[in-house]
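Residue numbers (our numbering): 1 to 579. Yeah, the Cβ is synthetic: ideal placement off N, Cα and C, and Gly gets one too.
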Ligand SMILES: [Zn+2]
């Protein structure tokens with residue numbers, strides 16, 4: 001097996017896993033004692049250690065040879081401690097010049113080396129190499145494949161081997177068997193019974209489910225507490241009726257977390273594991289949320305189980321989750337907040353002091369959910385002050401807006417129109433931030449801006465603006481409700497509503513009202529019209545002036561001259577005086 005067939009011409013020996021079925025068979029009589037001793041030694045080595053880069057490479061010559069199919073060279077067959085049985089076929093061609101482990105091995109046992117890839121424009125000499133060359137490069141010493149790039153040679157050599165009938169392309173999944181049994185109480189029982197006469201016997205369907213006993217003693221002495229519960233362990237064999245022992249290993253929790261979402265579609269279904277119709281109606285999960293630590297294990301297993309259950313005809317789901325959000329961690333004083341580090345914040349103390357709403361608002365405001373959240377006590381205080389501001393604002397305007405109805409867009413102008421635009425833009429933004437991106441922090445920031453706009457609003461203006469203020473305040477209450485539900489319900493009731501805010505639904509926005517109003521500002525140079533600018537009504541004077549000076553139609557009239565003065569008539573014109 002190899003993933004580097006482009007280096008086939010450089011293969012000078014063969015490495016077998018010690019567990020390989022041919023390992024002993026290939027050993028010559030002379031080498032056999034050494035081979036046997038080596039196999040025993042490797043068996044005792046931890047497999048994780050065997051895959052580590054810094055493992056001291058060791059091996060033993062079997063005494064046998066094989067033929068390199070492209071060079072016809074005789075290659076000695078070794079057993080090597082770093083070759084694992086589940087890597088490919090457990091028999092790996094060794095190319096010491098282009099694989100670091102093979103390089104170390106060849107140096108140690110003085111095995112031949114042949115360079116077959118060189119960096120472009122360079123030479124490599126095996127005698128002076130200090131490590132394997134594993135980069136991309138140009139093929140050499142590889143017969144008809146010389147001169148090309150090794151990436152192209154990969155395909156070409158694979159095709160060549162297939163055509164010659166001496167090899168074939170394959171996909172090799174780097175997966176291992178998964179031992180799902182655990183020696184602990186807390187897990188789903190494995191429904192089998194061990195009988196001395198019949199062996200392992202499945203618990204009959206009508207005896208399922210096997211339920212964990214409630215009287216297991218947790219002694220802390222090690223071993224599985226289940227194994228000590230006689231009433232659970234002792235049973236009769238479903239096959240022969242003789243006394244037998246119930247399996248006390250339970251399943252790894254990963255087993256159930258791999259398909260619970262399918263069962264959740266029909267938790268009471270008794271005729272099988274899954275109600276196909278219900279699964280069809282509910283799955284896939286629209287939005288999955290979890291920590292990044294689940295990205296490789298749980299999510300991969302969940303996909304496996306789903307696809308296997310689909311292939312077995314239990315459901316028709318291909319992918320279980322449509323969207324995944326991996327939320328960040330909470331950081332305190334520069335470290336991940338954890339019980340073991342002792343840097344946790346007690347939410348109860350926070351809730352007692354500020355209330356649950358403040359605690360929620362701060363957590364959601366501090367960072368977007370996929371980023372880590374830096375915990376800060378000042379931040380909590382800031383959220384508390386904001387809620388107080390909203391509270392005071394509402395009671396300040398309440399007497400004036402109490403009886404007001406909905407604003408009439410046709411009657412609004414100036415300030416009133418601008419505030420209404422801010423309201424509907426905010427509804428739009430908060431809706432999108434929550435629904436599309438889960439960016440609660442920017443949603444909350446948008447509500448804060450709206451509160452500022454209401455506070456700055458001249459409430460003594462046109463009488464029709466009272467309705468605008470009412471709509472604005474009411475929108476603030478509705479938009480912050482998902483973050484501070486208790487607080488919002490209270491204010492909703494103060495606004496005179498009969499039902500709950502929760503029942504009133506989510507506010508919609510008037511798309512027409514969100515369109516920015518633009519004013520046309522003409523640009524003159526020495527009193528002559530040269531260009532026009534479109535600006536927002538609330539634009540600052542400095543911004544208009546610099547935009548006018550930078551305007552490309554204006555530029556030619558400024559060339560070689562000095563600007564003496566720039567006059568701005570708000571919302572109407574900019575006059576640039578040059579000389
Ligand atoms: Zn039996």
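Buried versus exposed, by CB contacts within 10 Å (16 or more), residue 426: Position 426 of the chain shown, counting from 1, holds the residue named residue 426. Residue 426 is buried by the Cβ-count criterion.
Heavy atom of ligand 1 within 6 angstroms of residue 162 beta-carbon: Translated into the one-based positions of the chain shown, residue 162 becomes position 162. For ligand 1, not one heavy atom lies less than 6 angstroms from the Cβ of residue 162.
Option in 342, 506 and 294 with minimal Cα separation from residue 434: Residue mapping note: residue 434 aligns to position 434 of the chain shown, counting from 1. That would be 506, whose Cα lies nearest to the Cα of residue 434.
Sequence ranges, alpha helix (DSSP H) only - wholly within the stretch 205-271, length at least 4: 230-233, 253-257 and 260-263
Close beta carbons around residue 483, own chain, < 7 angstroms, minus the five adjacent residues each side: What you label residue 483 is simply residue 483 of the chain shown in a count that begins at 1. 360, 361, 364, 440 and 444, listed in sequence order.
DSSP-derived helix/strand/coil call for residue 289: Walking along the chain shown from the start, residue 289 turns up at place 289. Residue 289: strand per DSSP, three-state reduction.
Residue nearest to residue 98 in terms of C-alpha spacing, selected from 129, 545, 77 and 89: For the purposes of this step, residue 98 is taken as residue 98 along the chain shown, with counting starting at 1. It is 129 whose Cα lies nearest to the Cα of residue 98.
Bridge-paired residues (DSSP) for residue 580: The structure shown does not extend to residue 580, since the chain is modelled only from 1 through 579, so no value can be given for it.
C-alpha distance - residue 277 paired with residue 285, whole-angstrom precision: For the purposes of this step, residue 277 is identified with residue 277 of the chain shown, where counting begins at 1. For the purposes of this step, residue 285 is identified with residue 285 of the chain shown, where counting begins at 1. If you take the alpha carbons of residue 277 and residue 285, they lie about 15 angstroms apart.
From 283, 255, 66 and 236, residue whose alpha carbon lies closest to that of residue 246: By one-based count along the chain shown, residue 246 stands at place 246. With distances taken between Cα atoms, residue 246 lies closest to 236.
Cβ neighbours of residue 204 in the same chain (closer than 7 angstroms, five flanking residues each side left out): Numbered from 1 along the chain shown, position 204 holds the residue referred to as residue 204. Cβ neighbours of residue 204 beyond the five flanking positions: 238.
Beta-carbon gap between residue 423 and residue 475 smaller than 7 angstroms: The residue labelled residue 423 in the question sits at position 423 within the chain shown. The residue labelled residue 475 in the question sits at position 475 within the chain shown. Result yes, Cβ atoms of residue 423 and residue 475 sit closer than 7 angstroms.
7 angstroms Cβ cutoff met for residue 140 and residue 118: As a working note, residue 140 is residue 140 in the chain shown. As a working note, residue 118 is residue 118 in the chain shown. Result yes, Cβ atoms of residue 140 and residue 118 sit closer than 7 angstroms.
Distance cut-off 6 angstroms: residue 240 Cβ against heavy atoms of ligand 1: The residue given as residue 240 occupies position 240 in the chain shown. Because some heavy atom of ligand 1 lies under 6 angstroms away, the Cβ of residue 240 counts as near it: yes.
Residue 195: CB within 6 angstroms of a non-hydrogen atom of ligand 1: Translated into the one-based positions of the chain shown, residue 195 becomes position 195. Checking the Cβ of residue 195 against ligand 1 gives yes.
Separation of residue 559 from residue 547, as counted between CA atoms: As a first step, residue 547 is located in the chain shown; it is residue number 547 there, counting from the start. As a first step, residue 559 is located in the chain shown; it is residue number 559 there, counting from the start. When rounded, the distance between both Cα atoms is 16 angstroms.
DSSP three-state assignment for residue 448, whether helix, strand or coil: For the purposes of this step, residue 448 is identified with residue 448 of the chain shown, where counting begins at 1. It is helical.
Residue 198 Cβ short of 6 angstroms to ligand 1 heavy atom set: By 1-based counting over the chain shown, the position of residue 198 is 198. Residue 198 Cβ: within cutoff of ligand 1.
Heavy atom of ligand 1 within 6 angstroms of residue 237 beta-carbon: Against the chain shown, residue 237 aligns to sequence position 237. Residue 237: yes, Cβ under 6 angstroms from ligand 1.
Nearest-angstrom Cα separation, counted from residue 3 out to residue 449: Along the chain shown, read from residue 1 onward, the residue named residue 449 stands at position 449. Along the chain shown, read from residue 1 onward, the residue named residue 3 stands at position 3. If I take the Cα positions, the gap works out to 58 angstroms.
Residue 492 versus residue 533: straight-line alpha-carbon distance, rounded: Here the question's residue 492 lines up with position 492 in the chain shown. Here the question's residue 533 lines up with position 533 in the chain shown. Rounded to whole angstroms, residue 492 to residue 533 spans 43 angstroms at the Cα level.
Run of the beta strand (DSSP E) containing residue 520, from where it starts to where it stops: The residue you call residue 520 lines up with position 520 of the chain shown. It spans 519-525 - the beta strand (DSSP E) in which residue 520 sits, taken as one unbroken run.
Contact belief for residue 191 with residue 202 at Cβ below 8 angstroms, rounded distance in angstroms: The sequence position of residue 191 within the chain shown is 191, counting from 1. The sequence position of residue 202 within the chain shown is 202, counting from 1. Rounded, the Cβ-Cβ distance is 6 angstroms, consistent with contact.
CA nearest to the CA of residue 248, picked from 124, 242 and 194: For the purposes of this step, residue 248 is taken as residue 248 along the chain shown, with counting starting at 1. The residue with the shortest Cα to Cα distance from residue 248 is 194.
Backbone CA spacing between residue 377 and residue 487 [nearest angstrom]: As a position in the chain shown, residue 377 is number 377, starting the count at 1. As a position in the chain shown, residue 487 is number 487, starting the count at 1. Those two C-alpha atoms are separated by around 21 angstroms.
Stretch pair the stretch 458-478 + the stretch 389-403: three plus CB contacts closer than 8 angstroms: yes
Own chain partners of residue 188 with C-beta closer than 8 angstroms, once the 5 adjacent residues on each side are dropped: The sequence position of residue 188 within the chain shown is 188, counting from 1. Cβ within range, chain order: 250, 251, 255 and 256.
For residue 111 and residue 96, believed in contact at Cβ under 8 angstroms, the rounded distance: What you label residue 96 is simply residue 96 of the chain shown in a count that begins at 1. What you label residue 111 is simply residue 111 of the chain shown in a count that begins at 1. Their Cβ separation, rounded to whole angstroms, is 7 angstroms, which keeps residue 96 and residue 111 in contact under 8 angstroms.
Alpha-carbon to alpha-carbon, residue 554 and residue 522: The residue you call residue 522 lines up with position 522 of the chain shown. The residue you call residue 554 lines up with position 554 of the chain shown. Going by the C-alpha atoms only, they are around 11 angstroms apart.
Cβ-based neighbour list, residue 327, same chain, cut-off 8 angstroms, excluding 5 preceding and 5 following: Position 327 of the chain shown, counted from the first residue, corresponds to residue 327. Only 289, 290, 291, 369 and 370 meet the Cβ criterion.
Residue(s) in a DSSP beta bridge with residue 534: Locating residue 534 in the chain shown gives position 534, counting from the first residue. 520.
Reduced DSSP category for residue 59 - H, G, I as helix; E, B as strand; rest coil: Translated into positions along the chain shown, residue 59 becomes position 59. Strand at residue 59.
Contact under 7 angstroms by Cβ, residue 81 with residue 75: Locating residue 81 in the chain shown gives position 81, counting from the first residue. Locating residue 75 in the chain shown gives position 75, counting from the first residue. For residue 81 and residue 75, no; Cβs fall outside 7 angstroms.
Identified DSSP bridge partners for residue 199: Against the chain shown, residue 199 aligns to sequence position 199. Beta-bridge pairing links residue 199 to 195.
Neighbourhood of residue 585 by C-beta, 7 angstroms cutoff - its chain only, sequence neighbours within 5 removed: There is no way to answer for residue 585, as the model of the chain reaches only from 1 to 579.
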